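Asker: In this note's numbering, the protein residues as written are 1 to 333.
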Ligand code: SF4
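Here it is, written out as structure tokens:
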């Protein structure tokens, strides 16, 4: 994160920083065609729902994902969630009923919500983040957004702007007195937006991340305002995602798994040449000190490393994302 600690921070951002916000991707549908759209080709245009990386086919999928990360709030995103308003209402009600009214919900939309849409969200969504079309930024006071902001505030929503850093962002300055917060996301290179970026002469800032060169400079004229918060691409990866992984790892780790500072888990695995029982006996493992998974014994990696000469078969130390997620590294022993 940049130098924003002293400034107003949207309540939804505070939880996001702690990795405590579940990302509810309600639909990939959207009636806009922003050239910088960050959606993946897998999700863009589809009408499927995801809770973090888990596809939601039933209510239990959403609740299970919220529980596995001990979510304290949810960010509803898309696509444009307002194109699936019934689903938003259903899922937000489910979350509020399961985790209580303090489960903080923010909703992102590219539209200026109507009265009916706002009324449907009262009590279910706490904070609304508007993303007016880039083409309107230079004439924002002539668009429906200022009125939508006033109508949302009158209903008690926290209301703000959330846009990527793009040339011309200063055009949104007249909205600052009307909103509670103004979030600027560092423009990121995406697989679906790469052609649009290239055709505008944009390039990556460096080879380490997805940030687009020049993004910070475009946002610079607004960064002095106390309502403005700049969310860098590196911060999202380094802090938000890591903190969420740690929460999931701590909740799902077995007694013998080691949880790393990156939120991965590390354990030892042996596929014993002489059968499971003799290997467990040779390693001196008691209840809770191992698990049998697909014909292999999984146990604390230090224990396997120390006793590896006493048991035959394929042995390795495994590091992976939590909850049986992607394998990061396998070190043969
Ligand atoms: S409004 Fe958002 S989801 Fe829709 S095209 Fe633009 S960036 Fe993509």
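No residue lacks a Cβ here, since even glycine has one placed at the ideal position from N, Cα and C.
Bear in mind that the values here come from a model prediction, so they are computed numbers and not experimental data.
Among all residues, which have a Cβ less than 7 Å from at least one non-hydrogen atom of ligand 1, and in what chain order do they fall?
Answerer: Going by the Cβ distance cut-off, the answer is 30, 32, 33, 34, 36, 37, 38, 39, 78, 79, 80, 110, 131.
Asker: Closest to residue 94 by CA distance: which of 322, 310, 24 is it?
Answerer: Indexing the chain shown from 1 puts residue 94 at position 94. Ranking the options by Cα distance to residue 94, first place goes to 24.
Asker: Between the Cα of residue 228 and those of 286, 169, 259, 243, spot the shortest distance and give me the residue it belongs to.
Answerer: Looking up residue 228 in the chain shown gives position 228. With distances taken between Cα atoms, residue 228 lies closest to 169.
Asker: Among the residues of its own chain, which have a CB less than 6 Å from the CB of residue 198, if the five just before and after it don't count?
Answerer: Translated into positions along the chain shown, residue 198 becomes position 198. Answer for residue 198: no residue qualifies.
Asker: Going straight from the alpha carbon of residue 295 to that of residue 277, what length do you get?
Answerer: Within the chain shown, numbered from 1, the residue matching residue 295 stands at position 295. Within the chain shown, numbered from 1, the residue matching residue 277 stands at position 277. The alpha-carbon atoms of residue 295 and residue 277 are separated by roughly 11 Å.
Asker: Please list, in chain order, all residues of the same chain as residue 120 whose beta carbon is under 7 Å from its beta carbon, the five residues on each side excluded.
Answerer: By one-based count along the chain shown, residue 120 stands at place 120. 85, 89.
Asker: Once the 5 residues before and after residue 5 are set aside, which same chain residues still bring their CB inside 6 Å of it?
Answerer: Locating residue 5 in the chain shown gives position 5, counting from the first residue. Residue confidence is low: residue 5 scores 44 on pLDDT, short of 50, so the model does not pin down where it sits. Its coordinate-derived value is still stated next. Once the five neighbours on either side are set aside, residue 5 has no close Cβ partner at all.
Asker: To the nearest angstrom, how far is the alpha carbon of residue 148 from that of residue 172?
Answerer: Translated into positions along the chain shown, residue 148 becomes position 148. Translated into positions along the chain shown, residue 172 becomes position 172. Distance between the alpha carbons of residue 148 and residue 172: 15 Å.
Asker: Would residue 51 and residue 62 qualify as a contact pair, given that the criterion is a beta-carbon distance under 7 Å?
Answerer: For the purposes of this step, residue 51 is taken as the residue at position 51 of the chain shown. For the purposes of this step, residue 62 is taken as the residue at position 62 of the chain shown. In contact: residue 51 and residue 62 (Cβ atoms closer than 7 Å).
Asker: Rounded to whole angstroms, what is the Cα-Cα separation between residue 213 and residue 297?
Answerer: Taking the chain shown and counting its residues from 1, the one referred to as residue 213 is at position 213. Taking the chain shown and counting its residues from 1, the one referred to as residue 297 is at position 297. For residue 213 and residue 297, the distance between alpha carbons rounds to 48 Å.
Asker: Do the stretch 286-293 and the stretch 247-267 make contact, defined as three or more Cβ pairs closer than 8 Å?
Answerer: As far as the Cβ criterion goes, the stretch 286-293 touches the stretch 247-267, which means the pair count is three or higher.
Asker: Does the separation of the CB atoms of residue 103 and residue 73 fall below 7 Å?
Answerer: Numbered from its first residue, the chain shown carries residue 103 at position 103. Numbered from its first residue, the chain shown carries residue 73 at position 73. Contact: yes.
Asker: Looking only at C-alpha atoms, which of 330, 176, 266, 106 sits nearest to residue 303?
Answerer: The residue given as residue 303 occupies position 303 in the chain shown. Measuring from the Cα of residue 303, the nearest candidate turns out to be 266.
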